[in-house]
Every structure is written in C-alpha cells, then in structure tokens.
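Numbering (the numbering used here), first residue to last: -13 to 450. Glycine residues also receive a C-beta, built at the ideal position from the N, C-alpha and C atoms. Owing to the predicted nature of the structure, the values given are computational and were not obtained by experimental measurement.
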Amino acid sequence: MHKATVRQLVNDADSFAEKEVMINGWIRNNRDQKSFGFIALNDGTHFNTIQIVYEKEFISNYDRVAAMRVGSAVSATGKLVLTPGARQPFEIKASEIRLEGDSPSDYPIQPKRHSREFLREVAHLRPRTNLFNAVFRVRSLLAFAIHQFFQEKGFVYLQSPIITANDAEGAGELFRVTTLDPVHPPLNDHGTVDYAGDFFGKKTNLTVSGQLEAEVFALAFQNVYTFGPTFRAENSNTPRHAAEFWMIEPEIAFADLNDNMDLAEEMVKYLINYLLDKAEPEMDFFNQFVDKGLKEKLQNIVNAEFARITYAEAIDELKKTNQKFEYPAEWGRDLQTEHERCLTEKVYHKPVFVTGYPRDIKAFYMRVNDDQKTVAAMDLLVPGVGEIIGGSQREERAEVLEQNMANFNINREDLWWYMELRKYGGVKHAGFGLGFERILMYLTGVGNIRDVIPFPRTVNSCEF
RNA sequence: UCCUCAGUAGCUCAACGGCAGAGCGACCGGCUGUUAACCGGUAGGUUGCAGGUUCGAAUCCUGCCUGGGGAGCCA
C-alpha cells in the first residue's frame, strides 16, 4: 500500500489506477446517504480536493465516517478508480477511513462562501479554504520565481540588514529597536533619551529599505538583489499598505534608467509566465472567482510593450482626457492615485512607466537630469493596483549628491560610507523596489494586501 | 490622520418606529452516485457598547468601539 499525496495522484493518476493508496488530509465536505457517502478531501499538496467514496458494505465504521465533520483530519485508504465522464477524473474507493483529528461542531469554516473580513479573524484556519490555499501556494511559487529570475541572470542575492541605524532614507516612519527601559530610559544632559546606553550605543530601527546597502554590493558584484522583510510605521489604512511587507530591490551597475526599466519589464513578464505555467489550478480559480478575465489580462501584458512616458507627458495626457479630477494634474505636484489610475486604466490599458519626476518631490539619491529640474526616477503603474515599482538611476556625482543631501536636510556624516561609493570607483547605477505583496495582488486579482500576507500586521492590528 | 459606509443567530443576509426572520452550518430523521447534493424536522438572539427621544427602538439622535471603502503617505 502506497502512502500518496494528492499532488502525486493528480499528476499521474493512470499509473495509480486500480492500486491501493493511502491519503492523509482534511475533510472539506462530507455527504452521506443511506448506504454510501462522499468525502471531499484536501491534503494541502494540491489545490484540488480528492473524492473519497465510502460504502456501508466495504468499510466497518460506516456510521462513524458518515458523522465526520468538515475540518476533521483523516487517513483514508482505498483503491484509486478512474472515473472518465464524471466531474472529477478519479476517486478513491475507501476500504478504511480513520479519524486522525476530530473537528467539533463549532468549526467555523463551512463549505460555502465566507467574507474575507471574517476569514481574517480566523487567519489560523483560513489557509484551509480554496482562496487562501491558492493565494499562499502562489505566494510561495512567486517568491521562488523571483529568485530564479535573478539567479538565471547571474545576480547575487544580498541579505541587507533588518536592524539599521540609517534614518536618513526618508522612505517612511520608523519602528524603533531598543532594549531601553520604556518607563525610565537613561537621559542625557538635555533631558532627552540617551541612546548611547542602548543596545547598539545609538538609535536604531527596523529597515525601511535595503537600497543603500544594495548599492554597496552593486558596486562590487555589478548585479545584485535583495529580497526580505521591510517595516514602515506609517499610519496608513488602505488595502495596499501593511506595516510589515516584503520587498525586492535589484540594483545594477554600469546601467542607466532605461536598463532599469528593461529589467523591471522583463521581470514582470517572467513572473507572469512562471505562474501561468506552474500554478494552473490556482490561476484558473482566481480567473473564475476572484477577477474574471485575469488570465487574459496577464497574457496580454506578457505580449505587450509597457508604455514609457515622462512625467511631463503624463501631465499633458491627463489634461487632454478632460476627465474631472478632484485635484487637477499640474506640473510640480506628485501624481494622485486618481491620475495614476486614469493613465494605466483609461489611457494606456496596460502597465505604464512614468519617468522624469520633478526633483523636489523625489528622494535625495535620485540622479538629477540635465534640465536640473527633474530626476531619473521611474514608477511602474499597473491597472487595478497602482504603483508596484518605484526606482531610479542613482546620483553617482559626489558634488551633486552632496548638494541634494543639503537640500533635503540629510546628515552627511551618517552616510559617509554611502558617499565613499562615489569617491572610490563610483559608476552610474540604478535600481528599483518591487513590493512583493503588491505584485502578488496584481497577479492574483486579490484586492486587499491583508489577504496575501499569512498573518498581516497593520495599524492597530497584530494578531496571531 | 481626514472623508464615507456598515455592525441583527456560528456564517451570509432580511426586517427600516409596532410579535426578530430566512438560507447555510450544528443536531435528529429520510434518500442507491453525490460533488457549495437534495427532502422533512429541532435547537440557536442583551440586534457592537453606553446614553437619549418615544406609549413603543434592531429601526430615529449623540458619543464610543470594531470592520469595509475612498484620500494622504508609499511598495
């Protein structure tokens, strides 16, 4: 008798036909009649459930099996029978069904539709539903695909630090990391907290970006990427923001903004192809129940050239649409969400790179263009989700960088090592940040970031 | 943080100033191939919390709490 997984059986049903197999899993549904019944069993190795048929005359504990509830863990043994013409390609004719873990009658997951809000409250049980089973398997595959994409191109994977003393990046509000007594912290002569007595002897926080460290490695390995957790203490309450999320930050040397966009576009297309190929049942499920037309949309993106426009062109384009905006598009102001959605959903109907933003509204490390007014920045906007990538060519000229830091009130001493990258063999280089959950939302059609993170951390919520 | 909508049975929802209901789930029974099975029955409620208006409040008003959506910040 062969202990099998649903994945093995689905992939190779023919060779298991008429053979005895044992499957361990959890009951999704159990329907009994007078002398026979059906269990839909999911063992976690495949999106699909497998049908177990049990009959009074072939199993000894028929009444007990018929009473097994949804959520129970069972071990089922029986013969695999091909069922051409039925709704499922094969089923298991049970000879024995053993209860491994009971599920009392108050098990909250039913074989019916639940709201996402309710399922968030039972995040320890929601991976057992179709939707979250699909989401989190795809999340796993997507993470692997990202590594594979960069590794195939010879990029070096860098684990940038999670605890850092950099607070000059301006990427967001910081979570403090400290071992000081919160009630009676040591004070200095000015009466403020003396971080010299803290664990690291200085103020430290959780990282908001690995970019600056990635630049260090890019100027040694040429092509590198980070992929790790990122923390922002922003009080933002939207379906696209979390306090803890994962970010991919490639950084490439001897490269400019166009190389950067080429890389981003190639990566997005690679990831789509990977999922369409490796996550077929999951993508079919999203296509049917989460976002109708998702697969066609993704297929079109693979076949399309992403639009590439400048910020100035974007402003012109927005003025031309005659659409009423709450905030009119105007040079010098950042694009509003309504502007971004208009561009990607109404004007271009596909992903759009916007480049050349005014330097005042962008970060200090972005390379100043020859016009002195704009920087070599790029955002990638996609329909439905909005901004999923933000990146730039980095300012490699020491004098310009110093001037920028002065303009943005950034302390040069703290970033002495960052400045030295420009002093010793500095070259043009570029990179971007990709929100892992953002692209996962985009590729699955799931509209809320809290539903693509196993245990989401958001303002006022850190359950599980 | 601002704007907005919503909290009714375990879940999804109805009742919108006059007896608090249905479907699913649970429990009991029926059914010879079901597949979110079907059919009959039973139990299940401080209508988010605290005040107020009214003869009477799930329903109207005020405050608070929780959740959704939009905005800002960003990935």
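- [ ] Decide if the segment 198 to 211 is in contact with the segment 425 to 443; the criterion is three or more beta carbon pairs, one per stretch, under 8 Å apart.
- [x] Segments in contact, no.
Open item on the list: Does G23 pass the burial test, meaning 16 or more other C-beta atoms within 10 Å, or should it be called exposed?
Closed with: With 16 or more other Cβ atoms within 10 Å, it is buried.
- [ ] Would you kindly work out how many angstroms separate the C-alpha atoms of D245 and I9, rounded to a whole number?
- [x] The straight-line gap from Cα to Cα measures roughly 50 Å.
Open item on the list: Nearest by alpha-carbon distance to A204: which of G421, P90 and L407 is it?
Closed with: Of the candidates G421, P90 and L407, the one whose C-alpha sits nearest the C-alpha of A204 is L407.
Open item on the list: To the nearest angstrom, how far is the alpha carbon of K283 from that of V124?
Closed with: Between K283 and V124, the C-alpha separation is close to 18 Å.
Open item on the list: Please classify R380 as buried or exposed, where buried requires at least 16 neighbouring CB atoms within 10 angstroms.
Closed with: With 16 or more Cβ atoms within 10 Å of its Cβ, R380 is classed as buried.
TODO: Leaving out five residues on either side along the sequence, give the residues of the same chain with a beta carbon under 8 Å from the beta carbon of T323.
DONE: Cβ-Cβ distances below 8 Å link T323 to G372 in the same chain, with the five nearest sequence neighbours on each side left out; the list follows chain order.
Task: Coarse secondary structure for P314, derived from DSSP in three states - done: Correct three-state label for P314: coil.
Open item on the list: Does G183 come out as helix, strand or coil in the three-state DSSP assignment?
Closed with: Reduced to three states, the DSSP call for G183 is helix.
Task: Any beta strand (DSSP E) of 3 or more consecutive residues that is wholly inside the segment 102 to 146 - done: For the segment 102 to 146, whole beta strand (DSSP E) runs of length 3 or above, ordered along the chain, are 142 to 144.
Task: Separation of A315 from E326, as counted between CA atoms - done: Answer to the nearest angstrom: the Cα atoms are 10 Å apart.
TODO: Have a look at Q134 and S91 and give me their C-alpha separation to the nearest angstrom.
DONE: As the crow flies, the alpha-carbon of Q134 is around 44 Å from that of S91.
Open item on the list: Once the 5 residues before and after I425 are set aside, which same chain residues still bring their CB inside 6 Å of it?
Closed with: Spatial neighbours of I425 in its own chain (CB-CB distance under 6 Å, excluding positions within 5 residues in sequence) are listed in chain order as I374.
Task: Range covered by the alpha helix (DSSP H) that runs through L321 - done: Neither: L321 is in no alpha helix (DSSP H) and is coded neither H nor E.
Open item on the list: Please report the straight-line C-alpha distance between L262 and T115, rounded to a whole angstrom.
Closed with: L262 and T115 have their C-alpha atoms roughly 21 Å apart.
Open item on the list: Below 8 Å on the Cβ atoms is my contact criterion, and I expect V60 with K79 to pass it. Report the Cβ-Cβ distance as a whole number of Å.
Closed with: Not quite, the Cβ-Cβ distance comes to about 15 Å (not below 8 Å), so this is no contact.
Task: Under 8 Å between C-beta atoms of L27 and L257 - done: No, Cβ-Cβ distance for L27 and L257 is not below 8 Å.
Task: Endpoints, the beta strand (DSSP E) within which S46 is located - done: S46: not part of any beta strand (DSSP E); DSSP gives it neither H nor E.
Task: Coil, strand or helix - Q37 by DSSP - done: The three-state reading of DSSP puts Q37 in strand, counting E and B together.
TODO: Would you mind giving the Cβ-Cβ distance between A109 and F441, rounded to the nearest angstrom? I have them listed as a contact below 8 Å.
DONE: The beta carbons of A109 and F441 sit about 6 Å from each other, so the pair counts as a contact at 8 Å.
- [ ] Would you kindly work out how many angstroms separate the C-alpha atoms of L329 and A265, rounded to a whole number?
- [x] Take the alpha-carbon of L329 and the one of A265: they are about 30 Å apart.
Open item on the list: Excluding the 5 residues flanking P97 on each side, which residues of the same chain have their C-beta closer than 7 Å to its C-beta?
Closed with: Counting only Cβ-Cβ distances below 7 Å, and skipping sequence neighbours, we find R14, N15 and V56.
- [ ] Assign E423 to one of three DSSP states: helix, strand, or coil.
- [x] Of the three classes helix, strand and coil, the one that applies to E423 here is helix, per DSSP.
Task: Boundaries (first-last residue) of the beta strand (DSSP E) holding M8 - done: Counted as a single uninterrupted DSSP element, the beta strand (DSSP E) harbouring M8 occupies residues E6 to D18.
TODO: Excluding the 5 residues preceding and the 5 following E199 in the sequence, name in chain order all residues of the same chain whose CB lies nearer than 6 Å to its CB.
DONE: S146, listed in sequence order.
Task: Close-in-space but distant-in-sequence residues of the same chain around L173 (CB under 8 Å, 5 per side omitted) - done: Correct list, in chain order: V179 and D180.
- [ ] Report yes if the CB atom of L105 is closer than 8 Å to the CB atom of F118, and no otherwise.
- [x] Contact flag set, yes.
Open item on the list: Looking at the strands, I want to know which residues DSSP matches up with G331.
Closed with: The identity of residue 331 in the sequence shown is Glu, whereas the question assumes Gly. Residue pairing of E331 in beta bridges, as defined by DSSP: absent, with no partner found.
Task: Three-state secondary structure assigned by DSSP to F350 - done: Here F350 carries a coil assignment [DSSP, helix/strand/coil].
- [ ] Find out if the Cβ-Cβ distance for the pair D400, N152 is shorter than 8 Å.
- [x] Contact flag set, yes.
Open item on the list: Applying the 10 Å Cβ sphere with the 16-neighbour rule, what's the burial state of E235?
Closed with: Here E235 is buried, its C-beta having at least 16 other C-beta atoms within 10 Å.
- [ ] Measure the alpha-carbon distance for Y143 versus N397 and round it to whole angstroms.
- [x] When only Cα atoms are considered, Y143 and N397 end up about 29 Å apart.
- [ ] Tell me where the beta strand (DSSP E) around A62 begins and ends.
- [x] A62 -> beta strand (DSSP E) spans A59 to L68.
Open item on the list: So, does the segment 28 to 39 touch the segment 63 to 77, judging by three or more C-beta pairs under 8 Å?
Closed with: At 8 Å Cβ cutoff, the stretches touch.
TODO: Confirm, please, whether the CB-CB distance from G376 to F418 is below 8 Å.
DONE: Yes, these two residues count as a Cβ contact at 8 Å.
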